[in-house]
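Heads up: the structure comes next, in structure tokens.
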Amino acid sequence: MRRATRMRKNPGLAEEAKPFDHAQIMRGINARDVQDLIDRGVLNAKQVYRVIPERTFLRRLSSREPLKVPEGDAVARLLRVTGSAYRAFGDAEFARKWLNLPNPALSGRVPIELAETDAGAREVEDVLGRFAHFVIG
């Protein structure tokens, strides 16, 4: 079975994790792979439960049922945004804090909550891109 992520070094850091690809999402991501990301601290359980209800996720985990396409897509989006934040700031702890606090550049909204939708994730990635390239405004 192909792993959901490829880690080079420093397990647990999203900047080292490869997001799920289209084929994996369409096949159905194994809930165990998502739990592994939670266990390693790449994703927070609370974040995952915001896009997949906890009871649903735990049921899929215990029955070894793959995630539905929208669930897998949502998890992949969280992983992508989390990885973008880690790469932009170069500091895992700062990135975690930044993702979980209201941000003036996002009209006071919390970045990780915006990442629950594709449109919101794009807004977050835009702000991260401007930061990474020192663009103000």
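Position one of the sequence shown corresponds to residue 13 (this note's numbering), numbered consecutively onward. C-beta atoms are modelled at their ideal positions from N, C-alpha and C, and glycine is treated no differently.
Give a yes or no on contact between the stretch 65 to 73 and the stretch 106 to 115, applying the rule of three or more CB pairs nearer than 8 Å.
-> No contact exists between the stretch 65 to 73 and the stretch 106 to 115.
CA-to-CA distance, Leu-73 to Gly-102, given in whole angstroms | The residue labelled residue 102 in the question sits at position 90 within the sequence shown. The residue labelled residue 73 in the question sits at position 61 within the sequence shown. Each residue's Cα considered, the two are about 32 Å apart.
Could you work out which residue in Gly-95, Arg-71, Glu-128 is closest to Gly-53 when comparing CA atoms only?
-> Along the sequence shown, read from residue 1 onward, the residue named residue 53 stands at position 41. Comparing Cα positions, the closest option is Gly-95.
Nearest neighbour of Ala-100, chosen from Arg-142, Leu-113, Tyr-61, Ile-41 [CA to CA] = If you number the sequence shown from 1, residue 100 lands on position 88. It is Arg-142 whose Cα lies nearest to the Cα of Ala-100.
Consult DSSP for Arg-121 and reduce its assignment to one of helix, strand or coil.
-> Taking the sequence shown and counting its residues from 1, one reaches residue 121 at position 109. DSSP places Arg-121 in the strand class (E or B) of the three-state scheme.
Mapping DSSP to helix, strand and coil, what is Pro-82?
-> For the purposes of this step, residue 82 is taken as the residue at position 70 of the sequence shown. The answer is helix: DSSP assigns Pro-82 an H, G or I state.
Less than 8 Å between the CB atoms is what I'm expecting for Ala-127 and Val-136, so what's the real figure, rounded?
-> Here the question's residue 127 lines up with position 115 in the sequence shown. Here the question's residue 136 lines up with position 124 in the sequence shown. With a Cβ gap of about 6 Å, Ala-127 and Val-136 count as contacting.
Can you grab the Cα-Cα spacing for the pair Leu-55 / Gly-84, in whole Å?
-> For the purposes of this step, residue 55 is taken as the residue at position 43 of the sequence shown. For the purposes of this step, residue 84 is taken as the residue at position 72 of the sequence shown. When rounded, the distance between both Cα atoms is 13 Å.
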